Structure formats: structure tokens, C-alpha cells
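Numbering (the working numbering), first residue to last: 62 to 610.
Below you can see the structure in the form of C-alpha cells.
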């Protein structure tokens, strides 16, 4: 095989060939058709001529390059040539043998199908960073070549560049990025609640899906906080940005929310405090958040939103309502007075709180994503966890999703039959001045007896009722109301009045005639607390954990 008869179709080769055959291109063309050497300024008459590229032996050029070179020809790819670098890497090869027998090391990188493609199409193909049997990585370029004598025979020139150092550096970089992402995901998951609190009157479930391997973890979070007195706070938020920093800011905000929730403040006041804290944590970091409170006595969800997506509520008939207003700017922007709104959450209803990763897509409007979520929610039934999984699937969230997704689902179940007997309410308007106290004690005694509480719990409940009512009569203003509520796990006693001064527990001196009521309640009850009511006034409550059957 005459190696010099083969011409590789490398970029620019055809243009140079045309220039050698066109007399109008170069008037200095040699008579034999070759390209003259590049002209240089003749400093002396004895300067040796510079050889042209076409005058250099091709075999000598390819034999000296550090890359691996092999030439195969014919439909069965018989080996015509290998250079010294190829021999040094894989040893001597038998010329004239088929490539599959002569070059077995090309099978693992997958080059044999590529040789057929290049020979049929006449176009070069490249395989980047493929590992060969010698353990090193190469980038293989297969270029079609033809016989220079016009016979039309076609072969393939295989050119392999060693890219092991680049491949190892890229692998180290990917490993480093993977470790950083795993660290951020671990931090994110450790900052989220490991187990959701279980309110008496609600069923809740949540799910979190970090972004795919190409996306750094974000700052999505959620939480469920039991406030006492049968009330429950629910929160979901999203810190803008990605990585460990976003996860760390998320952890600080979630911890702050739990602390502010213990103050039993209205939702808009909690967001007002969070707004100032977010500015102090990082003035360049903003976050969206929804904070909502469910009171089983009201049948509504009172909420405030800081730039977050609207809560969706599905009633027992499948109708979905969107809580659009009011919505303020994200946390960390400052200078805004948040307000609270409310949406109905009657027995049999399901509410969904979520982050933008569930509904936001690059190729569609955000409202379209929310509308699609509404349609999915309208047909979703089952437990909160089943609904969570169904909404995530309907949104097309996969392990390769490009954004974090957090979903919090809560249900206010409609109870009937024996289950309804475990959830009872009783209320009494406190009228008539000092006569209200004995009436309240009698009312509480009758209600607790009808609920078949054991005698010790009955007596403690009557005593707590007496002290709370006496405290309200002495320090509060009308209207006053006593409310008793039982769930499957606890007894709740609550007294409301029109004065917004919150009581506090204090130590009474031996000669004091007052100041012992709250201390007695705090001693005998499992928990107690107070809060201001939205319409003015306050509510003071205590609760007793029921003995397990």
C-alpha cells in the first residue's frame, strides 16, 4: 500500500487542493503543480530554502506526532498504518489485518461502529474523552480519506489525542461539586423537620424534592407548629439563591418562625418580625413565605403572605379556591406593613401550601402552572401523603428537576359516628357579673360529666375553669365567654374577654389576696397560654392531656 496516495479530508484540504489546480490562484505556482515554499526576506544569497508542507513526507510527519494515529482502508477496515506513538501505547500491530483483530483496543471506546458511519457518510466524527484499555483517556477523531490515484477507494484515518489529565481534572471537579451538593442537601434536610407535629384537628403531610444533580440545592422549607388551645401554625417558604448559603439562611428563618410562633401573634405580625430579621441576616438575601394559623373553632385559615404563591383550598365537593390576597413583598425588602387575610377551611376541606418549583416552568406562564395544580387538586382524594405524591407526579417533578420542590398538605377531616364523639364543643356566655362564676363552674361540671371524664380529670377541669373565669371577671371586660373543647387527645378550656391586657404568671406574697389564679392553672394543667384576639380583647386557655384508653 502506497501511503502517500491517500488524502485526508481535513478542514481546509479541499480549498488548498483547488488552489493547486487553479492557475489563476497563484502566479508563482511550480510547473509540477506543487505549492512553493513560503517567501521570506532573503538576508543573504546563501540562505537555504524553506521546504513546503506538501514536500514533507506524510509518513514521517505522522510518525513524529505525539498523538496516536492509525489508518484503515476498505469496507472491512484493514489496517494500513500505525504511527510510533500508537505502537508505544498498544504494541506492534499486523498490517493488512482487519481492524477488529488488529486493533482490539478500539472496541471498548466504541470506535468500530463509528468507522462504518464515517466510511459511508464521508464525514468526520469525534468521540470525546473515552477510556481505552490502557487506562488512559483519549479523544478519537475519525476522518475519511480517499486514494490519490482516483480509484475511489475509501479509508478512515483514526487520530487519538491523550486527554487523560483533562479527564481526571474534570472528574475531580465533578466529584468536588457532588460532595458540595451532598453537603448542601444534607444540611437542607437536617434543617427541615424530621417529623411533622401532629395536630389534634388536622391531618398533615409534607414532601421535599431537591433539584437535580445539575442544580444546586435551594432554600425551600416548611413547618407545622402546634400553638396550644387547639390552634396550629403552618408555614412554607423559599430563600432565593442556591447552595449552602441559601440553606443556612433558611435554617435561621425557620428557627425564628418557631420562636415567633410561641408568642402566638397574628400572621402579619410574625411576617413583620421575620422581615426585619431577614434584613439583618443578609441584606442581599430575600425570601418568600406564607404563615397561616388554623383555629378549629373558627373553621378558617388566617394567613399572611410575603411574596409567596397563593394557598389552594379544595372543599368537600371538589371546588378549589385560591387565596390570592393579601400578598406583600418578600422578606428582606423592608418598609412594608403586612396584613392578614383568611380563607374558609371547613370540615372535609384540604389546603395545599407549596413553593414555586412545583408550578414554575421556563416555557410557560406561572399562572398556567398554578391553574394546572388547581385541576390536579380538584381530583385529588385520599390521605394528605397520597395527595402530596399525586400533586408532585402531576407537575412532572423528576429526580432531574431543575428546582427544589416543597409541598405541605393539610386536611380538616369531616368526622362522623364514633369518631365525632371524640371531638366535642361546648360554650357559655358569661353574663351577670359575679353570678357568672358559679354558673360557669356548674356548666363545666355538667359538660365534663357528660363527656365521661374520670373523676380526677373532672375535678381538675372544674378548678381550672373556676380560676380562669374568676381572673377574667376581675381583670377583663365584657363580652366574656367560656369555651370547652375535647379532642381525641386533650381537654381545652378557654375564656375570652374584651380587655387586651395579657395575664402573666407571678409569685404572690403570703399577704396578697390575688395573683394566685394563673399560678394554680399553670400547676395543674399540662399547658397554658394567652393571646390577643383579632377583634380586640384576649383569650386565656389551658389544656389537659387525656389518659390513653
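All C-beta atoms in this analysis are idealised placements derived from N, C-alpha and C, irrespective of residue type, glycine included.
Remember, predicted model here, so these are calculated numbers, not experimental data.
Secondary structure note for residue 385: it is in no alpha helix (DSSP H), with a DSSP letter that is neither H nor E. Spanning the alpha carbons of residue 225 and residue 133 requires a straight line of approximately 25 Å. Contact between residue 547 and residue 592 is ruled out by a C-beta separation of about 20 Å, above the 8 Å threshold. For residue 471, no alpha helix (DSSP H) run applies; the uninterrupted beta strand (DSSP E) run containing it begins and ends at 466-473, by DSSP. Scanning 470, 524, 453, 339 for the CA closest to the CA of residue 464 turns up 453. Residue pairing by DSSP places residue 269 opposite 467 in a beta bridge. Residues of the same chain with a CB within less than 6 Å of the CB of residue 403, apart from the 5 flanking positions on each side, are 361, 363 in chain order. Leaving aside the five residues that flank residue 418 on each side, the residues in its chain whose CB is nearer than 6 Å to its CB run, in chain order, 464, 465, 466.
Note on residue 384: 16 or more other CB atoms within 10 angstroms of its CB, so buried under the neighbour-count rule. By the neighbour-count definition (other C-beta atoms within 10 Å, threshold 16), residue 401 is a buried residue. Under the three-state reduction of DSSP output, residue 363 falls in the strand class. For the options 489, 228, 566, the alpha carbon positioned closest to that of residue 193 is the one of 228. Contact annotation: residue 566 and residue 583 have beta-carbon atoms nearer than 8 Å. Under the three-state reduction of DSSP output, residue 164 falls in the coil class, being neither helix nor strand.
Membership of residue 421 in any beta strand (DSSP E) is not indicated, and neither H nor E is assigned to it by DSSP. DSSP, read as helix, strand or coil, puts residue 286 in strand. The three-state reading of DSSP puts residue 305 in helix, counting H, G and I together. Its chain contains 381, 410, 411, 438, 439 as the residues whose beta carbon lies nearer than 7 Å to that of residue 375, once the 5 sequence neighbours on both sides are disregarded; these appear in chain order. By the C-beta density criterion, residue 378 is exposed, having fewer than 16 other C-beta atoms within 10 angstroms.
Residue 391 places its beta carbon 8 Å or farther from that of residue 353. Beta-bridge analysis with DSSP links residue 189 to no other residue.
In the DSSP annotation of this structure, residue 459 is not part of any beta strand (DSSP E), being labelled neither H nor E.
Residue nearest to residue 398 within the set 336, 406, 343 is 336 (criterion: CA-CA distance). The alpha carbon of residue 431 has as its nearest neighbour, out of 462, 396, 482, 370, the alpha carbon of 370.
DSSP, read as helix, strand or coil, puts residue 370 in coil. With contacts defined by Cβ atoms closer than 8 Å, residue 196 and residue 141 do not form a contacting pair. When beta bridges are read from the DSSP output, residue 131 appears opposite 143, 219.
In this structure, DSSP gives residue 254 a state outside helix and strand, which the three-state scheme calls coil. Separation of the CB atoms of residue 167 and residue 160 is rounded to 7 Å, and the pair is thereby assigned contact status at 8 Å. An exposed status is given to residue 511, since fewer than 16 other beta-carbon atoms sit within 10 Å of its beta-carbon. It is roughly 28 Å from the alpha-carbon of residue 387 to the alpha-carbon of residue 261. The three-state secondary structure of residue 280, taken from DSSP, is strand. A distance below 8 Å separates the beta carbons of residue 468 and residue 415.
In the structure shown, residue 311 adopts helical secondary structure according to DSSP, grouped into three states. Burial check for residue 562: the Cβ neighbour count within 10 Å stays below 16, so the residue is exposed. With fewer than 16 other CB atoms across the displayed protein chains lying within 10 angstroms of its CB, residue 153 is exposed.
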